[in-house]
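S.K.: FYI, the numbering for the sequence shown is -12 to 560, going by the numbering used here.
Even glycine gets a Cβ: it sits at the ideal position worked out from N, Cα and C.
Since this is a predicted model, take the numbers as computed values, not measurements.
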Amino acid sequence: MLISRPSFKNAFLNERILKHFIEFRVKSKQEEEEEEEEERPAWSSKLQYILAQVGFSVGLGNVWRFPYLCQKNGGGAYLVPYLILLVVIGIPLFFLELAVGQRIRRGSIGVWNYISPRLGGIGFASCLVCFFVALYYNVIIGWSLFYFSQSFQQPLPWHECPLVKNKTNTYVEPECEKSSATTYYWYRVALDISDSISESGGLNWRMTLCLLAAWTMVCLAMMKGIQSSGKVMYFSSLFPYVVLICFLARAFLLKGSVDGIIHMFTPKLEIMLEPKVWREAATQVFFALGLGFGGVIAFSSYNKRDNNCHFDAVLVSFINFFTSVLATLVVFAVLGFKANIMNVKCVEILIPHHINFSNVSPEDYQQMTNIIRGVMENDYPRLGLDSCDIKEELNKAVQGTGLAFIAFTEAMTHFPASPFWSVMFFLMLVNLGLGSMFGTIQGILTPIVDTFKVRKEYLTVGCCVLAFCIGLLFVQRSGNYFVAMFDDYSATLPLLIVVLLENIAVAWVYGTDKFFEDLKDMLGFTPYRFYYYMWKFITPVLLLGLLVASIIQLGLSPPSYSAWNQQLVGDLE
């Protein structure tokens, strides 16, 4: 029986056809990637990209969170654990996000889908967290816009307590007299705050308009993608440094500013042994660089493939650190000036109360006052005076809105030309907030546009309109309480989980060795072996420990917020 066999010639032709088919498929895939790369927008310059990353990572937390943690956790000693954790956790994770965005050239959803279709949920989780943070973060920008608009007055409207008139006499507003002029203005005039979170009180129309203005600015800046937001970054990223340097120069000329600087850099080394100091430093490093939001990945996805993202990671991380130190110098210099003012007032109130100066001439009174001011604090009880310690005033440092809208505004009322400095300060806060908002919104828009191929203009408008409508929750009279709750609980745990999963996805799913090969291909050199061990072993363990510590902390301290009438009824829970 004859069996037909394919000839050698036919087999050779079939092999050639298969080879050409494979080459065609590979070529088509390469062409598709090249076309996609050509169609994808790109940064106009390296400077524009660096400013965008700096604007995103440097935000309000550098001005009002870092100084508070520095004061709380040992002064200058806090810089040591922060710097160590910046090198061990911050830079490796920041480098990882920059590299995956630049290598795969997609947003957070596309990046993790590329590594494994099962990991796409990491990107969706990142977008959701970005949206939650954007909801309340833009409210803070709205508050800054309100104070900015009220700063064009002499004297400033929060300079002193308002007077109440009745038929017989005029007296100071009792509620203001119990607190302070700036505290009263913040809670009663600006926020018109209700007594508890359960009392809505209706919308605060002034803050509603400010929130609308804030979302309008974000929408217009993001409408055309990085072509429009990138140009805005030149101003929004650089202007805060101009203001901080001007404030620092002015603050050094104020009496008492050196006391604040000395207080900041007086290290309390024993505090460094406490685990909570390291936990808070790790958390601050984590959020200071914007890890897990998707903004870092989104911005780097518009880079060329051969961009040196390792240099970018180190540069932006240290710019962020030095910005925090600069802001802390400014804050403590101003708070030192404020503490000196309060100390002088304290002495001037106590002296007439305890000593009879009715028969003393004004010159002798001034001389005796100066002598008593110069007495060491330990001698106050011997003179029958209560303590008026400047260190106690400095230890009353506050964070967040309390620092920006109460403590700092009070200090500025004593500045010469106080409206000018107030305008500059709140314009700086607006710029810092907008820079972070651009990165946050980019972390939402880029993944969705890349994945679902929707028009960026329509998505931007729709996202901003939706966020504004939901954000009306935060401009009710009870809105400040919701901002505090969202700030404490909406992002901490989700972002920790997202970054931990990102690290595992690259190091264990994609493979650290394969990722190192990609980096060598992109950068033209092999990164330090330090990153290999960080990504594969040390950083995941540290992140897991930070996650567990955060869960324990949340369990030990149930959700609570401080109400305006806390002097009367305490904290409401």
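What number of angstroms, rounded off, separates the C-alpha of residue 81 from the C-alpha of residue 29?
M.R.: Roughly 20 Å separates the two Cα atoms.
S.K.: Check the DSSP bridge columns for residue 151 and list the partner residues they point to.
M.R.: Looking at the DSSP assignment, residue 151 forms a beta bridge with 158.
S.K.: Could you name the residues that DSSP lists as bridge partners for residue 463?
M.R.: Its beta-bridge partners are 190.
S.K.: If you draw a straight line from the alpha carbon of residue 394 to that of residue 123, how long is it in whole angstroms?
M.R.: Each residue's alpha carbon lies about 22 Å from the other.
S.K.: Distance check for residue 405 and residue 321, CA to CA, integer angstroms please.
M.R.: Cα to Cα, residue 321 sits roughly 13 Å from residue 405.
S.K.: Do you know offhand how far residue 300's Cα is from residue 85's?
M.R.: Residue 300 and residue 85: Cα-Cα distance of roughly 7 Å.
S.K.: Just tell me which of 283, 97, 465 has its CA closest to the CA of residue 186.
M.R.: Cα-wise, what sits closest to residue 186 is 465.
S.K.: How long is the line joining the alpha carbons of residue 119 and residue 459, rounded to whole angstroms?
M.R.: Cα-Cα distance, rounded: 13 Å.
S.K.: Can residue 434 and residue 94 be called in contact, C-beta distance under 9 Å?
M.R.: Yes, Cβ-Cβ distance for residue 434 and residue 94 is below 9 Å.
S.K.: Would you call residue 431 buried or exposed, if buried means 16 or more other Cβ atoms sit within 10 Å of its Cβ?
M.R.: Buried.
S.K.: Can you tell me whether residue 36 is helix, strand or coil according to DSSP?
M.R.: In the structure shown, residue 36 sits in a helix (DSSP, three-state: H, G or I).
S.K.: In whole angstroms, what is the alpha-carbon distance linking residue 148 and residue 517?
M.R.: Near 58 Å, if we compare the C-alpha coordinates of residue 517 and residue 148.
S.K.: Is it the case that the Cβ atoms of residue 68 and residue 264 are separated by a distance below 9 Å?
M.R.: Closer than 9 Å, so yes.
S.K.: So which of 181, 437, 294 has the shortest CA-CA distance to residue 511?
M.R.: With distances taken between Cα atoms, residue 511 lies closest to 294.
S.K.: Taking 9 Å as the threshold (C-beta atoms), are residue 426 and residue 280 in contact?
M.R.: Yes, the Cβ-Cβ distance between residue 280 and residue 426 is below 9 Å.
S.K.: Going by Cα to Cα distance, which pick from 403, 209, 487, 55 is closest to residue 316?
M.R.: Ranking 403, 209, 487, 55 by Cα distance to residue 316 puts 55 first.
S.K.: On the DSSP letters alone, give me the boundaries of the alpha helix (DSSP H) that residue 29 sits inside.
M.R.: Taken as a continuous stretch (DSSP letters only), residue 29 belongs to no alpha helix (DSSP H), as it is neither H nor E.
S.K.: If we require 4 or more residues per run, which alpha helix (DSSP H) segments fall completely within the region 72 to 140?
M.R.: Segments of the alpha helix (DSSP H) lying fully in the region 72 to 140: 78 to 91, 95 to 102, 107 to 137.
S.K.: For residue 206, which residues of its own chain have a beta-carbon under 7 Å away from its beta-carbon, when the five flanking residues on both sides are left out?
M.R.: Answer for residue 206: 447, 448, 451, listed in chain order.
S.K.: Considering only the alpha carbon of each residue, which of 440, 408, 310 lies closest to residue 50?
M.R.: Checked all of 440, 408, 310; the closest Cα to residue 50 is 310.
S.K.: Between which two residues does the alpha helix (DSSP H) carrying residue 53 extend?
M.R.: It spans 53 to 59 - the alpha helix (DSSP H) in which residue 53 sits, taken as one unbroken run.
S.K.: In three-state terms, what does DSSP make of residue 540?
M.R.: Three-state result, residue 540: helix.
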